[in-house]
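Student: Quick one: the structure is below, and I'll ask about it shortly.
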Amino acid sequence: MTQISAIPSTTGQPKERIDLAAAYRLIAHFKMDDSIFTHISAKAPEGEGENAFLINPYGLRFDEVTASSLATVDIDGNILRDPHGAGINKAGFTIHSAVHAARPEVHCVLHTHTVAGVAISSMEEGILPLNQWSLQFYNRMAFHDYEGIALDLAERERLVADLGDRNVMILRNHGLLTCGRTVGEAFALMFNLERACKAQLAIMSSGGTPRKLDAELAEKTAQQYEGWDKQHSGNKPDPQWDAFQRLAIKHYPDLVD
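Residue numbering for the sequence shown follows numbering that gives the first Met the number 0, starting at 0 and increasing by one per position.
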């Protein structure tokens, strides 16, 4: 498959930083951000620290994040690089360090507080098997009960125990979380999860009778999504992420700075 790249060949920034900055801009572009709160993290480039990850510096909006502005922190909380001198959000560190420490195969962790996501996270049943978007997550979601703002590092053990080996989690009464072997994978999961939440709320508010799909069809569709993921995992071309990156570069070319 031919890869249609959007990233200039000479940016001066590592791919890991550019990918993550693009994800921040895309979350803002699709209105999934929450002021200066919530986070996306990714493993730091080689040479930036052992067991380290990139995350947004405290105080920057998602639409302000650039490749060079991302902070580098290790899983013990030591800030190794802080271009703005503002530190990082403590709650963000609790959640993201937990996943990176427990799941070394995960490259990127994405967490949101969207209206639709928080609404669904506040419902006992979570995502229902009502449409193609939601079936991607059929019997493949983890759940973590709300414990207050995530400032207690002791919560990390419980969070990763609840997450297990899954890549999608509903943080009860709080929001959504996705993990990926690449930034593109984590972003695509969140993009579809957000649409599944919005669609479910629209169905519930319509006054019509929701039409749930049967378990056999739901499982078949979930496996079809997994087949797509396997085809575009790791270093293989990911046409969807390439398309998203082209969108980000087109509208926000400064993200590579």
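Just so it is clear, CB atoms sit at the ideal spot from N, CA and C, and this is done for glycine as well.
Starting from Met168 and walking both ways along the beta strand (DSSP E), at which residues does that stretch end?
Tutor: Unbroken beta strand (DSSP E) run through Met168: Val167 to Leu170.
Student: Spatial neighbours of Arg194 within its chain, please: C-beta separation below 8 Å, excluding the five flanking residues on both sides.
Tutor: Around Arg194: Trp132.
Student: Helix, strand or coil for Lys42 per DSSP?
Tutor: In the structure shown, Lys42 sits in a strand (DSSP, three-state: E or B).
Student: Would you tell me roughly how many angstroms separate the C-alpha atoms of Val255 and Ser67, rounded to the nearest one?
Tutor: If you take the alpha carbons of Val255 and Ser67, they lie about 8 Å apart.
Student: Per DSSP, which residues does Cys196 bridge with? Please list them.
Tutor: Answer by DSSP bridge pairing: none, since Cys196 is not bridged.
Student: Helix, strand or coil for Gly179 per DSSP?
Tutor: Of the three classes helix, strand and coil, the one that applies to Gly179 here is strand, per DSSP.
Student: Quick check: what's the CA-CA separation for Pro236 versus Tyr145?
Tutor: Taking the straight line from one Cα to the other gives about 37 Å.
Student: I'd like the span of the alpha helix (DSSP H) that includes Asp111, first residue to last.
Tutor: Note that residue 111 is Thr in the sequence shown here, rather than Asp. Taken as a continuous stretch (DSSP letters only), Thr111 belongs to no alpha helix (DSSP H), being part of the beta strand (DSSP E) at Cys107 to Thr111.
Student: Looking at C-beta atoms only, is the number of pairs between the region 167-180 and the region 201-208 that lie closer than 8 Å three or more?
Tutor: No: fewer than three Cβ pairs fall under 8 Å.
Student: Could you confirm whether any beta carbon from chain D is found closer than 8 Å to the beta carbon of Leu188?
Tutor: Considering every chain present, this structure includes no chain D. It has just one protein chain.
Student: For the alpha helix (DSSP H) that contains Asp73, what are its first and last residues?
Tutor: Per DSSP, Asp73 belongs to no alpha helix (DSSP H); it is in the beta strand (DSSP E), Ala70 to Asp73.
Student: Classify Phe142 as buried or exposed, calling it buried when 16 or more other Cβ atoms lie within 10 Å of its own Cβ.
Tutor: It counts as exposed.
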